[in-house]
Amino acid sequence: MNSNSVLRIRIITGFLCFFALVIIGKLYFVQIVQGDVYADKADRQYIAPQGDLFDRGSIYFTTQSGEEVEAATMKEGFTLAMIPKHMTDALAAYDAVNKIVELDKESFLVRASKRDDPYEELKKKIDKETANQIEALNIPGIQLVKDRWRAYPGDELASHALGLIGFNKENIVAGRYGLERFYEGNLSRSTSTTYRNFFAEIFSGIERVIGGEPHQGDIVTTIEPDVEHALEEQLKAVKKQWNSESVGGIVMNPKTGEIYAMASLPNFNPNSLKDIADPKVFSNPLVEYVYELGSIMKPITMSIGIDSGAVTPSTHYDDKGTMVLNNKRISNFDGKARGWVDMQEVLSQSLNTGIAYIVSKIGNDTQTEYMLNFGFGELTGIDLPNESNHIVENLKSKRDVEHVTAGYGQGVAVTPIAMVRALSAVANGGTLVTPHLGKKVDYDVGGSKTFDYPAGRRVLKKTTTEDVTRMLVKVVDTALLKGKVKMDHYSIAAKTGTAQMADKASGGYYTDRYLHSFFGYFPAYDPKFIVFLFNVHPKGAEYASETLTMPFIDLTKFLITYYQIPPDR
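Residue numbers (our numbering): 1309 to 1877.
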C-alpha cells in the first residue's frame, strides 16, 4: 500500500471519528443536559398551540459560607386551560374549578361559548398540588398544560439589583432591568432548538465559541442574602420613621469592589407587578440617578488637600463662620465662627469655611484634576444597566465659588455608586476599584468562568489615606453624636452629609428639604466593609446624624458579628 492510500485512510478515519464524537456529544446534550426541556416540549405540543416552554438561566446569591442560593430561577407548574368544544356543562365546570382556583365567572363562560376555539388559557402559574386537585375532578374540556415561568424566591429581596424580565422591542421576553438585563447574553435561552438544522446548529455553535460571544449559563453573584436582608430592614425602618421620599444603601468590600448588598426603597416584588403604578420604581437609584450628596464629599477634598501638599492634618486656619466668594455667601451649617482651628475640626465639625480654605490652597485646576481622577465624570463600570453620567460642569468653572461648593458636595451631582467607589479609595490605600455584583458564570455545558475585575488606577498616596482615616476615626470617637457611638474594640471611620435639595422649578435650593448621606468603613485600618446610606427628604430632621447614624451603627454591629471580625484595638 502506497503512502497516498495510507494518508487517505487516515483522513477518512479521522473524519469518521470526529463525526462520531459530534453525534455522541449531541446525544449527550439532548438526552442529558437538556433532557427535561425536550421532554416538556414533547408533552406541551399535544395541547398548547404556543409550542416551546420558556427557559432562562438562573441567578444565585452567595452566602458567607460559600453556598449558592437561588435568587432568580425557573419554576415548573401548569397553565389551566379550556378546550371549549369538549366542554359539556360550563356552569358546573366553573363552580367546581372555582372552589380550587379563583376565576372570573363571566370570562369563563364567555370563553366556553367559543366552540370553534381549540384552546383558551384560564390561569397561569398553577403549582403541582393545585393542579392535582383540579385534575382529580376529571372535568371534560378542562386541561392542565405544563408550563415554566420566572420566579424570585426572595420576593422583594435585592429587587433593584436583580431586575426583572419582560418583552423587549422585538417582542421577545428578555432581561429589562438589573442583572437580568446586564447578563442577558448568558441568561437567555433559544426557544427554537427543536426545529433547527442539526449541522447548522453544530457549526453555528463552533462559530459562537470562536467569535467570543457569551456562553449560556447561570450567574453567581456576590450578594450575601443575610446582609441584603439586614440592609433592607434598616432602610424600611428609616423610611417609616422619617416618612422619607426614598432611601438606599450599599455594603461593599472597599478593596475588591464586591457588593454584598444593594437596596433602595421604594422597591418592588418581581413575582407580582400588577399593582405597580409607576414603572420608574424599576430603575435603580444607586446607579441610574445622580444626587448632590453633601458633606461626605469633604473627606475627598481633605484627601486632595493632603495628597497635593496644600495642607497637613495639623494645618490651622482662622474660621470666621462665613465668607463671600463671587458675591455668594459660604457659611458653616450654623453660621458660627470657630476661630483658630486645625484640619481635624474641619471634618469633626463639618466646616464649609474649612473646605473653602483647603480648596483655595489646592487651586481650582488641581482640584478638578484630582476629582476627575477619582472617577467623578466617568462611569464606574458596574455590571448593571443604565449607569448615569455625572453632572460636574462646575468643576470646569473659572469662579472660585463653584469649586468650593463642589468641595463640600453641592453643585456637582454624582451617582451613589460612584461616591462609594471614590470613598473606597480613601479606605483601601488609594486605588479605585470596579464595583460589581457578578462573581462567575456556570456554563450549561459544564465548567465555569470567574469574572475578572482588574485593579484600578491609584488616585492617592497610601500615606494620605492613613492620615485621613485617622481623622475619620476621630470623627466617630469624639464628634459623631458627641462620641456616644464609639466602639471601644473596633476602629470605625465615618462621616455624615447633609445637602440642600435642588429646586428644579426655581433653579435654586429648597430651604426645608434635605438629602442625608452617611458612609463609614471598618475596621478602619484594614477595612472589610464600606457602608453607604442615603435618605431623601426625611421629615422632622435636618441633619444626617439624626436619621442615619444609628442605622449605620446597627449594620456595623451586625456585620462584625455575622462575619466574626476580630477586634482591632
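Just so it is clear, CB atoms sit at the ideal spot from N, CA and C, and this is done for glycine as well.
Can you find the residues in the same chain that come closer than 8 Å, C-beta to C-beta, to residue i, ignoring five residues on each side of it along the sequence?
i: VAL1341; result: For VAL1341, the pLDDT reaches just 49, beneath the cut-off of 50, and the residue's location in the model is therefore unreliable, although a value from the coordinates is still provided. Once the five neighbours on either side are set aside, the close Cβ partners of VAL1341 are ASP1752 and VAL1753.
i: ARG1765; result: ASN1681, THR1739 and LEU1740
i: PRO1621; result: ILE1614, ASP1650, MET1651, GLN1652, ASP1775, ARG1778 and MET1779
i: VAL1555; result: LEU1543, VAL1546, LYS1547, SER1572, LEU1573, LEU1841, PHE1842, ASN1843 and VAL1844
i: PHE1511; result: Here PHE1511 scores only 47 on pLDDT, less than 50, and its place in the model is too uncertain to base an answer on.
i: GLU1376; result: TYR1368, PHE1369, THR1370 and VAL1528
i: GLU1850; result: THR1806 and TYR1822
i: THR1869; result: none
i: THR1758; result: LYS1747 and LYS1748
Please report the straight-line C-alpha distance between residue i and residue j, rounded to a whole angstrom.
i: ASP1534; j: THR1742; result: 23 Å
i: ALA1538; j: LYS1547; result: 14 Å
i: VAL1720; j: ASN1406; result: 58 Å
i: LEU1863; j: VAL1453; result: 47 Å
i: LYS1770; j: VAL1839; result: 21 Å
i: ARG1877; j: MET1727; result: 28 Å
i: GLU1653; j: TYR1871; result: 33 Å
i: HIS1909; j: LEU1495; result: There is simply no residue 1909 to check, as the chain begins at 1309 and stops at 1877 in what is shown.
i: THR1773; j: LYS1748; result: 31 Å
i: VAL1793; j: LYS1782; result: 12 Å
i: VAL1700; j: ASN1635; result: 21 Å
i: PHE1576; j: VAL1709; result: 41 Å
i: ILE1567; j: ALA1420; result: 52 Å
i: ALA1852; j: PRO1859; result: 11 Å
i: ILE1514; j: HIS1523; result: Below a pLDDT of 50, predicted positions are generally treated as unreliable, and ILE1514, at 47, falls in that range; the measurement from the model is reported next regardless. Cα to Cα, the separation comes out at about 12 Å.
i: LEU1655; j: THR1609; result: 10 Å
i: ARG1866; j: GLY1737; result: It should be noted that the sequence gives Phe, not Arg, for residue 1866. Rounded to the nearest angstrom, the two C-alpha atoms are 25 Å apart.
i: ASP1626; j: LEU1745; result: 46 Å
i: ALA1664; j: ILE1638; result: 8 Å
i: ALA1801; j: VAL1409; result: 55 Å
i: SER1373; j: ALA1787; result: 37 Å
i: SER1498; j: GLU1600; result: 44 Å
i: MET1795; j: VAL1559; result: 20 Å
i: TYR1833; j: ASP1811; result: 40 Å
i: GLY1717; j: LYS1413; result: 59 Å
i: SER1668; j: GLY1755; result: 56 Å
i: PHE1416; j: ASP1820; result: 55 Å
i: ILE1604; j: GLN1441; result: 59 Å
i: SER1591; j: SER1799; result: 35 Å
Among the residues of its own chain, which have a CB less than 7 Å from the CB of residue i, if the five just before and after it don't count?
i: ALA1401; result: MET1395, ILE1447, GLY1449 and ILE1450
i: GLY1683; result: ALA1726, ARG1729, ALA1730 and LEU1740
i: GLU1443; result: LEU1452
Within this structure, are the beta carbons of residue i and residue j separated by less than 9 Å?
i: PHE1369; j: GLU1540; result: no
i: ILE1614; j: VAL1776; result: yes
i: GLY1643; j: GLY1662; result: no
i: PRO1607; j: LYS1803; result: yes
i: LEU1703; j: GLN1675; result: yes
i: ALA1714; j: MET1679; result: yes
i: HIS1698; j: VAL1598; result: yes
i: ASP1435; j: PHE1362; result: no
i: SER1732; j: PRO1562; result: yes
i: LEU1388; j: LYS1422; result: no
i: HIS1468; j: MET1570; result: yes
Leaving aside the five residues before and after residue i along the sequence, list all residues of the same chain whose C-beta is less than 6 Å from its C-beta, in chain order.
i: MET1460; result: The sequence given here has Tyr at residue 1460, not Met. These residues qualify, in order along the chain: ALA1380, PRO1578 and ASN1579.
i: PHE1490; result: ASP1691, LEU1692 and PRO1693
i: LEU1445; result: ALA1404
i: ALA1439; result: PHE1386 and LEU1452
i: ALA1350; result: Any answer about ALA1350 is weak, because its pLDDT of 44 lies below 50 and its placement is not dependable; what the coordinates show is given next. Correct list: empty, nothing qualifies.
Tell me, which residues are paired with residue i by DSSP?
i: HIS1744; result: GLU1566
i: PHE1842; result: GLY1556 and SER1825
i: ALA1379; result: Beta-bridge pairing links ALA1379 to no other residue.
i: LEU1856; result: DSSP lists no partner for LEU1856.
i: VAL1632; result: ARG1637
i: LEU1573; result: VAL1555
i: GLN1451; result: ALA1389
i: LEU1472; result: TYR1485
i: SER1756; result: ASP1750
i: ASP1626; result: TRP1648
i: ILE1367; result: ALA1380 and ILE1527
request  = Indicate whether the contact test is met: 3 or more Cβ pairs, each with one atom in the segment 1689-1708 and one in the segment 1470-1490, closer than 8 Å.
outcome  = yes
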